[in-house]
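**Student:** Residue 121 in full-length UniProt numbering sits at position 121 of the sequence shown, with consecutive numbering throughout. Questions regarding the structure given below will be posed in turn.
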Amino acid sequence: MHKEIKKVFREEKVLAEAAGRYGFSRNQVRFLADAENYVYEFIKDNEPYILKITHTIRRSADYMMGEMEWLRHLDEGGLSVAKPISSLNGTEVEEVPDGNGGAFLLRAYEKAPGHKVDESDWNETLFFELGRYTGKMHSLTKSYKLKNPAFKRQEWDEEEQLMLRKYVPEDQKQVFQQADELMNELRQLPKSRDSYGLVHADLHHGNFNWDQGKITTFDFDDIGYNWFVNDISILLYNVLWYPVVPYENKAVFTEEFMTHFMNGYREENNLDASWLKRIPDFLRLRHMLIYGLLHQMFDLNSIGTEEKEMLAGFRRDIENRTPITEFDFSKLV
1 MHKEIKKVFR EEKVLAEAAG RYGFSRNQVR FLADAENYVY EFIKDNEPYI LKITHTIRRS
61 ADYMMGEMEW LRHLDEGGLS VAKPISSLNG TEVEEVPDGN GGAFLLRAYE KAPGHKVDES
121 DWNETLFFEL GRYTGKMHSL TKSYKLKNPA FKRQEWDEEE QLMLRKYVPE DQKQVFQQAD
181 ELMNELRQLP KSRDSYGLVH ADLHHGNFNW DQGKITTFDF DDIGYNWFVN DISILLYNVL
241 WYPVVPYENK AVFTEEFMTH FMNGYREENN LDASWLKRIP DFLRLRHMLI YGLLHQMFDL
301 NSIGTEEKEM LAGFRRDIEN RTPITEFDFS KLV
């Protein structure tokens, strides 16, 4: 959670407001997580829903409406997503003033059916379905048209966590140089309807449920305009860093995952195979973004040894241009 949001969050007050605006009892809510949002589950009319709370420090109400609009587009196209629900006031984003000039932003969603994937699910069937699901999402986004310019989501290089100079100590010149070089190179890549558009930008196995072979995705908080191959790379990055079943050889597992994933992806969307050779660059970009995110979250004056070692490892990887995986992606072309 963003350090500045933690300072102003008053849980009881905000949840009391949420209960009144969405029509649930305060004793029918339980805490789930607090990464980039405070996340709760509440029960209303015997049905479970998800409440997400962020702050105007990091998002605006209009920006959140861009998420809601795209979710409706995907749902209408037949993609299984956790749909947003309106408050009793008929709005999809509620604002609760924090008393300091800012406001907490509340959204509620249907709870996705199914369960988080476990070891018994971690196989080629899941990898194939992940590819098919992602391919359908990319296919649907090609027909998305923004209805209100105020709701536009950010472009890839407007991502807050990629603004490393804002969060990373200023003496890390080599980190900044590597990030600048990579981002300037990526800015030269072509953008077309078939390669670039609004994407999820945070696909991983913590952001979907698995229900008898069907995927339902949630947590669309980070959606933005990006290359489709970067959306794929983000999922691969997360799979490699947080595998449900540990692998013995990263390159071998990368080939296994990507082979089944792309077989599924190509059933729903046609992406020029030459883009896959760019995955190593986008994996490095994701590593830099996570490095920025960690600095945004941590107070460097009070973190422990484990956190310091983690940051040092990220820094070495970035400065040395260390590949996230040694797999040769030209094999997929």
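The beta carbon of each residue, even a glycine, is placed where N, CA and C say it ideally should be. All values reported here derive from a predicted model rather than from experimental measurement.
Any contact of the region 250-259 with the region 162-173, i.e. 3+ C-beta pairs under 8 Å?
**Tutor:** no
**Student:** Given a cut-off of 8 Å on the beta-carbon distance, is the pair V175 and R315 in contact?
**Tutor:** yes
**Student:** Which residues does DSSP list as the beta-bridge partners of E255?
**Tutor:** Answer is none; E255 lacks a bridge partner.
**Student:** Which residues in the same chain have their Cβ closer than 8 Å to the Cβ of V239, if we skip the five residues on either side of it in sequence?
**Tutor:** H204, H205, F257
**Student:** Let me check one thing: in DSSP terms, what residues is H55 bridge-paired to?
**Tutor:** F104
**Student:** With a cut-off of 8 Å on the beta carbons, I'd call I318 and M288 a contact; round off their distance for me.
**Tutor:** 6 Å
**Student:** For S195, tell me which candidate among L285, T141, A179 has the shortest Cα-Cα distance.
**Tutor:** Per the Cα distances, T141.
**Student:** Leaving aside the five residues before and after A201 along the sequence, list all residues of the same chain whose C-beta is less than 7 Å from its C-beta, in chain order.
**Tutor:** D222, I223, G224, N226, D231, I234
**Student:** What is the DSSP secondary structure of P48, reduced to helix, strand or coil?
**Tutor:** In the structure shown, P48 sits in a strand (DSSP, three-state: E or B).
**Student:** Thinking C-beta only, is K7 closer than 8 Å to P48?
**Tutor:** no
**Student:** Would you call the CB atoms of V14 and I53 closer than 8 Å?
**Tutor:** yes
**Student:** By Cβ distance below 8 Å, which residues in the same chain neighbour E69 in space, the five residues on each side in sequence not counted?
**Tutor:** L146, K147, N148, F151
**Student:** Measure the beta-carbon distance from A16 to R30 and round it to whole angstroms, keeping in mind my assumption that it falls under 8 Å.
**Tutor:** Rounded, the Cβ-Cβ distance is 15 Å, inconsistent with contact.
**Student:** How big is the Cα-Cα spacing for L74 and E36?
**Tutor:** 23 Å
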